[in-house]
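Trainee:
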Amino acid sequence: MTATIIQPQPAELRPLNTALSLLDSPWKPLILHRLADHDYRLAELQRTLTACPPATLTTQLAQLVRDQLVVATNGPADTTSYSLSRAGRSLVPLLLTLNRWGRTYLNEIQPVTPAHHDA
Numbered sequence: 001m002t003a004t005i006i007q008p009q010p011a012e013l014r015p016l017n018t019a020l021s022l023l024d025s026p027w028k029p030l031i032l033h034r035l036a037d038h039d040y041r042l043a044e045l046q047r048t049l050t051a052c053p054p055a056t057l058t059t060q061l062a063q064l065v066r067d068q069l070v071v072a073t074n075g076p077a078d079t080t081s082y083s084l085s086r087a088g089r090s091l092v093p094l095l096l097t098l099n100r101w102g103r104t105y106l107n108e109i110q111p112v113t114p115a116h117h118d119a
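Right, dumping it as structure tokens:
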């Protein structure tokens, strides 16, 4: 699946739309957040994101590599490790801010009966 960019839109919203389209699944921000700590092999990353189905994780990683947010490095014995690219690393402050915002939302703002679903 490729990132979906909604058209037409005002020119000033195009960068925001591009950024959001690169993080178009509930798993991509979580994967990037994990990789901010250190490099992971697929099995290690799967153990930290147990709710993410293995096929989904593989697909999401491939998309993040394609979009140049993650780098896949082949190692010994056919192992691949994943790390953040420079562009991926530049997202870390945003992810940390979103995490803080989410905590505030859950603790202070969230309606009694949320209209959203769990990812």
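Here the sequence shown is numbered in UniProt numbering, starting from 1 and rising by one per residue. Using N, Cα and C, we set each Cβ at its ideal position, and we do this for glycine too.
What do you get for leucine 13, buried or exposed, if any count of 16 or more other CB atoms within 10 angstroms of its CB means buried?
Mentor: Within the sequence shown, the letter at position 13 stands for residue 13. It counts as exposed.
Trainee: Look up residue 120 in the DSSP assignment and say whether it is helix, strand or coil.
Mentor: Within the shown structure, residues of the chain are numbered from 1 to 119, placing residue 120 beyond reach of any answer.
Trainee: With a cut-off of 8 angstroms on the beta carbons, I'd call valine 70 and leucine 91 a contact; round off their distance for me.
Mentor: As a working note, residue 70 is residue 70 in the sequence shown. As a working note, residue 91 is residue 91 in the sequence shown. That belief does not hold up - the Cβ atoms of valine 70 and leucine 91 are roughly 11 angstroms apart, past 8 angstroms.
Trainee: At which residues does the alpha helix (DSSP H) containing serine 90 begin and terminate?
Mentor: Taking the first residue of the sequence shown as position 1, residue 90 is located at position 90. Residues 86-90.
Trainee: Leaving out the 5 sequence neighbours to the left and right, which residues in its chain are closer than 8 angstroms to leucine 95 when beta-carbon positions are compared?
Mentor: Position 95 of the sequence shown, counted from the first residue, corresponds to residue 95. So the qualifying residues of the chain are Pro29, Leu32, His33, Ala36.
Trainee: Here's the rule: buried if 16 or more other CB atoms are within 10 angstroms of the residue's CB, otherwise exposed. What is leucine 106?
Mentor: Reading the sequence shown from its first residue, position 106 is the one you call residue 106. Exposed, by the Cβ-count rule.
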